[in-house]
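In the UniProt record's numbering, the protein residues as written are 1 to 463. Here the structure is laid out as structure tokens; the discussion comes afterwards.
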């Protein structure tokens, strides 16, 4: 660690800055002088096509006791010695209510078991872990939270805690977990409270989450983990063939749901007053029930736009209910992260407002009314064309939700492999972490302090 400090007049400090400018110009001038050459264009087409051919992600799924997964779906599986397969996979229960929205873990497991779709599937099961690129841990942590004491004072939470302790111990004893420290392991925890006790002990793994509202950045982040859509609870409007949706959808803006929420979800209560008196706006507070879900579905199908405010966390199932209902989402959630955003441009089929703007009376509705019929139809057609990406189903289909999730996982695995392979061959500490000497000029009145330091080492004197 070395620091040089000299107090010099500001005029000399400006001259001291000139070498930095010269270095900057030198480093960038060559980019302007020489055009970029596409290496892809120099590769023979036969080689290029073979190199870019798509191959599914090779996934090894751990064989866990049924108490970790299907025993919570169908109690007949508890204590049984049956091996799950595509032939005996129990269906997701039709009476599960809102538990359905976080059932991503079930659909991922089902997709790994599926034996068809070789030409389009994004993940394929391998029986030999030595040949696997990713390791899927089929612990239904979201469902475990739902069935084993949602309230922390409930004695049933000890069942959830024990399951977490057992799965962590199981992974620690796995050769393949220890080989990568869990970085190539895929663990669904879609409910914000899933894996609530021991999630910090598996934080190197790839999490499948709904958002990052209840995670620290040291635990979960966009560069490492995958944001997956909720499983919609309303029926899909896949057979809609309306000739003129702009005219047939007579409600401008629609919302039905809970209005008392934590954190940023406080805006839901305020919206009741913001939209008061707006005749073509439906804003109703309801509780979850089968009948209310049906009424919400009907309301979405009659509406041009559907409001998606933040809930207890930045996201909620309502957004995906709107998408499969072909009701253009109006998203008011400043910290929301969206699924598959590297492949989908949400601004083509959804509208976004900041919380501050949305709470201004008539701000949102004026913007919506200003959208022309032609512009609306462009967005509506785009929304309808991409809605299949948000469908969970078994058997899975090409480019549906679970296949896009596995496609996202593959990009995370590629990043893990890059780091792993580089670390194996480096003979010195990673030079990308060795920062160049940094030059700073800090002016204090007519004087400046000239500091030269290596920023990869701790600074002294309280800088």
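Idealized CB from N, CA, C, for every residue including glycine. Note that the coordinates shown come from a computational prediction; the quantities given were computed from them, not determined experimentally.
- Rounded to the nearest whole angstrom, the C-alpha separation of residue 197 and residue 164 is 7 angstroms.
- Taking 8 angstroms as the upper bound for CB-CB distance, residue 414 and residue 121 are not in contact here, some 18 angstroms apart.
- In this structure, the beta-carbon distance from residue 123 to residue 406 falls below 8 angstroms.
- In this structure, residue 233 sits near residue 101, with a CB-CB distance shorter than 8 angstroms.
- For residue 344, the secondary structure class from DSSP, reduced to helix, strand or coil, is coil.
- Each residue's CA atom was taken as its position, placing residue 401 and residue 227 some 11 angstroms apart.
- In the same chain as residue 354, and ignoring 5 residues on each side of it, the C-beta atoms closer than 8 angstroms to its own belong to 332, 334, in chain order.
- If you draw a straight line from the Cα of residue 361 to the Cα of residue 274, it comes to about 5 angstroms.
- The three-state secondary structure of residue 353, taken from DSSP, is coil.
- Here residue 84 is buried, its C-beta having at least 16 other C-beta atoms within 10 Å.
- Classified as exposed, residue 150 has fewer than 16 neighbouring CB atoms from the shown chains inside 10 Å of its CB.
- A direct Cα-Cα distance of roughly 7 angstroms separates residue 297 from residue 325.
- When DSSP states are grouped into helix, strand and coil, residue 109 belongs to the helix group.
- In chain order, 278, 280, 281, 303, 304, 305, 365, 368, 369 place their CB closer than 8 angstroms to the CB of residue 252, counting only its own chain and leaving out the 5 sequence neighbours on each side.
- Taking a contact to require three or more Cβ pairs closer than 8 angstroms, the stretch 184 to 203 and the stretch 383 to 399 do not qualify as touching.
- Looking from the CA of residue 375, the closest CA among 257, 347, 399, 386 belongs to 347.
- Contact fails between the stretch 163 to 177 and the stretch 216 to 223, because fewer than three Cβ pairs, one in each stretch, are under 8 angstroms apart.
- In the DSSP assignment, residue 170 falls outside any beta strand (DSSP E) and within the unbroken alpha helix (DSSP H) covering 157 to 172.
- Here the alpha carbons of residue 210 and residue 106 stand approximately 15 angstroms from one another.
- Closest in alpha carbon position to residue 247, among 118, 418, 372, is 372.
- Residue nearest to residue 75 within the set 380, 119, 61, 93 is 93 (criterion: CA-CA distance).
- For residue 254, the beta-bridge partners assigned by DSSP are 282, 306.
- By the 16-neighbour rule on beta-carbons within 10 angstroms, residue 318 is buried.
- Here residue 182 is buried: its Cβ has 16 or more other Cβ atoms, across all protein chains shown, within 10 Å.
- One thing to note: residue 184 has its Cβ within 8 angstroms of the Cβ of residue 416.
- In the three-state DSSP reduction, residue 100 falls in the helix class (H, G or I).
- Its chain contains 232, 234 as the residues whose beta carbon lies nearer than 6 angstroms to that of residue 321, once the 5 sequence neighbours on both sides are disregarded; these appear in chain order.
- DSSP places residue 371 in the coil class of the three-state scheme, outside both helix and strand.
- Secondary structure at residue 84: coil, using DSSP grouped into helix, strand and coil.
- Contact check for residue 69 against residue 135 fails: the beta carbons are separated by 8 angstroms or more.
- Assignment of residue 390 by DSSP, reduced to helix, strand and coil, places it in the helix class.
- With contacts defined as CB atoms closer than 8 angstroms, residue 307 and residue 330 qualify as a contacting pair.
- Counting the other Cβ atoms within 10 Å of the Cβ of residue 146 gives 16 or more, which makes it buried.
- Separation of residue 160 and residue 272 (C-alpha to C-alpha, rounded to the nearest whole angstrom) is 38 angstroms.
- In this structure, the alpha-carbon of residue 350 lies about 15 angstroms from that of residue 229.
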